[in-house]
Amino acid sequence: MRTSLKQDKGVAGLTILLSLVVMLFVIGLLVMIFALMGGELQDATTDPTAIQVINDTTSSISSVTDWYDIFIVIGAMVVLILLTVIIIVAIRGSGMMAGSA
Amino acid sequence: METNLKRDKGVAGLMILLSLVVMLFVIGLLVMIFALMGGEMKDVDSIKGSELSGTVTQDALTFSDGGTSLTECASHNLGVVTVSAVINETGAQETVPTAQYTTANCILTGIAGSVWNATAVNVTYTYVYAGTAYNVMNGTIAGIVNVTDWYDIFIVIGAMVVLILLTVIIIVAIRGSGMMDGGVATGNASRNYGSA
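So the sequence lines, in the order shown, correspond to chains V and S. The first sequence begins at 2 in my numbering and counts up one residue at a time. The second sequence begins at 64 in my numbering and counts up one residue at a time.
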């Protein structure tokens with residue numbers, strides 16, 4: 002099987018950050034819809050157990066957005082690491098360092 | 064697999080900076096669009112006021128034309144009250160006429176110079192407030208807009224790459240010129256340093 006690898010240069014993993022931002026927004030949108038649905042379901046039933054279950058479900062999935070900041074930080078770190086790798090490769094490729102290939 | 068590598072000379076990694084700037088702009092544009100979309104979504108009345116409270120009575124509040132906070136309502140996001148009764152707590156416990164006050168969000172405000180000013184009252188009301196769906200969209204927007212906080216450091220590091228490659232080109236050029244002891248025009252000088 003022939004493998005086609007993308008060989009983009011200079012992107013330094015920024016597409017990862019782009020994908021991350023889009024993905025987080027889509028997840029947030031879905032969670033908001035689930036929260037709205039959960040609220041309506043709670044209002045539609047009188048059974049305390051059912052209300053408790055749907056309340057717990059809604060509360061749990063809503064806490065997803067608490068992690069968004071750390072996802073962004075980690076995504077940014079990945080980009081920074083890849084940028085740093087570009088720098089290191091550039092320095093090593095220059096032959097300025099002893100033992101560089 | 065045959066690999067076709069570009070070997071442009073003298074570019075000094077400027078393509079990296081160009082790609083970086085373009086990509087940052089595209090990400091910024093997307094984040095802006097998401098922030099606008101999210102803002103519109105959370106501003107929909109059915110989401111801002113998705114939760115309805117039960118009937119609440121708060122006692123011993125001081126009626127004032129400067130405004131009195133209805134704290135039960137104010138403890139929630141974007142609360143909006145509908146007052147059903149304001150009753151004088153002392154004496155004959157008269158009902159304060161609705162013409163004597165107005166409400167805005169979670170604030171009960173007496174009309175200017177009202178005779179009920181400084182009177183202790185019991186206020187009965189219901190209120191709507193922003194629930195989980197609003198908080199989720201708020202958190203989503205707050206999370207993704209943080210991306211732009213990293214732009215400065217991306218630009219600085221991208222610029223460092225270009226500067227390093229420029230420095231390498233300069234050093235190689237000086238060494239290759241023979242002006243320095245031990246400088247040779249072969250070896251490292253024959254490499255392509257501007258194609259990173």
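Here a beta-carbon is modelled for each residue, glycine too, at the ideal position from N, C-alpha and C. The structure presented is a predicted model; accordingly, all values stated were derived computationally and were not measured.
Of all residues in the stretch 102-117 of chain S, only 104, 110, 113, 114 come within less than 8 Å of chain V when Cβ atoms are compared, listed by chain position. For residue 60 (chain V), the enclosing alpha helix (DSSP H) has its first and last residue at 49-63.
Here residue 189 (chain S) is near residue 115 (chain S), since their CB atoms are less than 8 Å apart.
Minimum Cα-Cα distance from residue 138 (chain S) among the listed residues S:191, S:205, S:219 corresponds to S:191. Among the CB atoms of chain V, none fall inside 8 Å of the CB of residue 95 (chain S). Two segments are said to touch when three or more pairs of C-beta atoms, one from each, lie closer than 8 Å; by this definition the stretch 213-220 of chain S does not touch the stretch 156-173 of chain S.
Residues of the stretch 198-211 of chain S with a Cβ closer than 7 Å to any Cβ of chain V, in chain order: 198, 199, 200, 202, 203, 206, 207, 209, 210.
Neighbours of residue 88 (chain S) across chain V, judged by C-beta separation under 8 Å, do not exist; the nearest C-beta is about 11 Å away. Given a length threshold of 4 residues, each whole run of the alpha helix (DSSP H) inside the stretch 94-142 of chain S is given here in chain order: 108-111, 134-137.
Per the Cβ contact rule, the stretch 23-36 of chain V is in contact with the stretch 50-68 of chain V (3 or more Cβ pairs under 8 Å). For residue 147 (chain S), the three-state secondary structure derived from DSSP is strand. Cβ-Cβ distances below 7 Å link residue 173 (chain S) to 126, 127, 128, 163, 164, 179, 180 in the same chain, with the five nearest sequence neighbours on each side left out; the list follows chain order. Residues of chain S with a Cβ closer than 9 Å to the Cβ of residue 77 (chain V) are, in chain order, 209, 210, 212, 213, 216, 217. Sixteen is the threshold: since fewer than 16 other Cβ atoms of the shown chains lie within 10 Å of the Cβ of residue 88 (chain S), the residue is exposed.
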